[in-house]
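Since the structure comes first, as structure tokens, the remarks are kept for the end.
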Amino acid sequence: MTAEPVQPAVAIATFGLGRSYGAGETRIDALADVSVQFGQGRFTAIMGPSGSGKSTLLHCLAGLDRPTSGQVFLGDVDLTRLTEKALTHLRRDRVGFVFQAFNLVPTLTALENITLPLTLANRKPDQAWLDLIVETVGLKDRLHHKPSELSGGQQQRVACARALASRPHVVFADEPTGNLDSRASADVLAFLHRSVREFGQTVVMVTHDPTAAAYADRVLFLADGRLREELVDPTAESVLDTMKRLETPGTAQATASAGRPSQASDGTTPDPQAQAG
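Start counting the sequence shown at 1; every next residue gets the next number (UniProt numbering).
Here is the structure:
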């Protein structure tokens with residue numbers, strides 16, 4: 001008898017998620033009826049043509065933007081029901097962020113930047129965990145350097161270490177390699193991949209780069225604010241082929257009418273304006 005594969009626990013889920021900007025003739029539907037699950041301890045990339053809604057989706061998942069309709073669950077917490085103050089506390093305590101801009105405090109050392117979220121929350125770092133993160137990102141000899149004394153790749157590795165320092169429920173990465181050369185990009189992506197494999201971290205990353213997306217376990221593709229396709233165990237070539245197909249006029253609608261996206265191992269459910277990318 002063949003055993004059924006064990007499905008990972010759900011870290012994040014959306015149900016009928018919609019996000020609109022404006023009203024009447026100027027209304028833009030950045031997201032429309034997006035229902036999807038993200039497995040715990042999995043690396044998911046989100047891709048799509050410009051204006052597809054991928055960054056809007058990430059911002060709604062992270063509690064940085066409020067949806068117009070639908071629900072977003074982080075674990076068992078419905079983000080759409082939280083006050084702004086409660087959302088702020090949740091992001092600080094349960095979410096890590098890595099952005100295209102490194103967002104480091106220039107007057108602080110690398111170590112001080114890494115531990116800044118814990119400092120703001122009046123929490124002491126777990127020294128063993130902090131040492132492991134620092135060693136993993138290769139910053140042991142740079143901890144007392146300020147951002148101006150670090151390369152772009154080193155600064156982004158500081159940002160990655162900062163995102164993981166508090167052992168967050170999920171790390172959201174928005175174009176984390178957008179300002180890096182190919183070698184520095186590979187270092188950052190390898191670290192995110194390793195954090196999933198070795199530490200059980202959940203990572204959700206928006207990217208436009210097929211090579212970056214190939215580091216993920218699964219790639220979701222959005223077009224016109226809707227989830228159109230997904231790939232499991234992607235390669236750069238398969239991601240690029242899918243992107244080309246979605247960018248062909250009329251193809252996204254044809255894909256949507258053909259049925260739901262292919263099933264992923266960690267599962268999807270069947271089914272501000274500048275952030276709509």
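Note that beta-carbon positions come from the ideal geometry of N, C-alpha and C, so glycine has one too.
The structure displayed is predicted, hence computed values, not measured ones.
Residues of the same chain with a CB within less than 6 angstroms of the CB of F73, apart from the 5 flanking positions on each side, are A13 in chain order. Taking each of R162, D241 and D224 in turn and checking the Cα distance to P49, the smallest one comes out for D224.
Distance from the CA of R91 to the CA of D65, rounded to the nearest whole angstrom, comes to 12 angstroms.
Positions of the alpha helix (DSSP H) runs, each at least 4 residues long and wholly inside the segment 12 to 69, are given as 54 to 61 in order along the chain. In this structure, the beta-carbon distance from A11 to F38 falls below 8 angstroms. E25 counts as exposed, since fewer than 16 other beta carbons sit within 10 angstroms of its beta carbon. Taking 4 residues as the minimum length, the alpha helix (DSSP H) runs contained wholly in the segment 168 to 237 are 182 to 199 and 210 to 213, in order along the chain. As the crow flies, the alpha-carbon of R183 is around 23 angstroms from that of Q201. A straight-line Cα-Cα distance of about 10 angstroms links G16 and P67. Residue pairing for L74: DSSP places it in a beta bridge opposite I12 and V77. Around the C-beta of A86, fewer than 16 other C-beta atoms lie within 10 Å, and the residue is accordingly described as exposed. For G96, there is no enclosing alpha helix (DSSP H); the residue is found in the beta strand (DSSP E) stretching over V95 to F99. Looking at N113, D181 and L118, the one whose alpha-carbon comes closest to that of G152 is D181. Annotation note: the segment 84 to 134 contains the following uninterrupted beta strand (DSSP E) runs of length 3 or greater, listed N- to C-terminal: 95 to 99. Remark: three or more beta-carbon pairs, one from each stretch, lie closer than 8 angstroms, so the segment 126 to 135 and the segment 156 to 165 are flagged as touching.
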